[in-house]
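For reference, the structure is listed below as structure tokens.
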Amino acid sequence: MDNIVIYLSIKRGFIFLDEWLSYYLLYNLLYSSNYYMFFIASILAIIFNGYGYKSYWEIEERYNEYLINKINKIDDK
3 MDNIVIYLSI KRGFIFLDEW LSYYLLYNLL YSSNYYMFFI ASILAIIFNG YGYKSYWEIE
63 ERYNEYLINK INKIDDK
């Protein structure tokens with residue numbers, strides 16, 4: 003059970019860093035007037051950041067359901 007908490011925390015950290023790295027790169031591309039690369043990088047950032055959040059939520063949702071079941075079992079006793 004502790005392993006899943008550590009895993010989700012690390013995954014959330016990577017998603018956070020990836021998202022801010024994307025913002026930094028997009029800002030630099032826009033600032034340097036490289037609009038073609040900015041457009042491509044924007045599309046890729048949306049796709050990959052969205053995929054990261056989706057996979058995180060799928061795992062987190064299963065873990066939340068597990069915790070709710072455990073709490074309900076404790077309440078039933």
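Position in the sequence shown counted from 1, then plus 2, gives you the working numbering. Built from N, CA and C at the ideal position, the CB exists for glycine as well.
Where the alpha helix (DSSP H) through serine 57 begins and ends
Your numbering for residue 57 matches position 55 in the sequence shown. Its alpha helix (DSSP H) spans residues 37-78.
Starting from the Cα of leucine 31, find the closest Cα among Ser44, Leu19, Trp22 and give me that residue.
Here the question's residue 31 lines up with position 29 in the sequence shown. Proximity to leucine 31 across Ser44, Leu19, Trp22 peaks at Ser44, based on C-alpha coordinates.
DSSP three-state call for serine 34: helix, strand or coil?
Position 32 of the sequence shown, counted from the first residue, corresponds to residue 34. In the three-state scheme derived from DSSP, where H, G and I count as helix and E and B as strand, serine 34 is classed as coil.
Suppose contacts are defined by Cβ-Cβ distances below 9 Å. Is isoleucine 61 in contact with tyrosine 9 by that definition?
In the sequence shown, residue 61 corresponds to position 59, counting from 1. In the sequence shown, residue 9 corresponds to position 7, counting from 1. Going by C-beta atoms, isoleucine 61 is nearer than 9 Å to tyrosine 9.
Nearest-angstrom Cα distance between serine 11 and isoleucine 17?
The residue you call residue 11 lines up with position 9 of the sequence shown. The residue you call residue 17 lines up with position 15 of the sequence shown. Going from the Cα of serine 11 to the Cα of isoleucine 17 covers about 10 Å.
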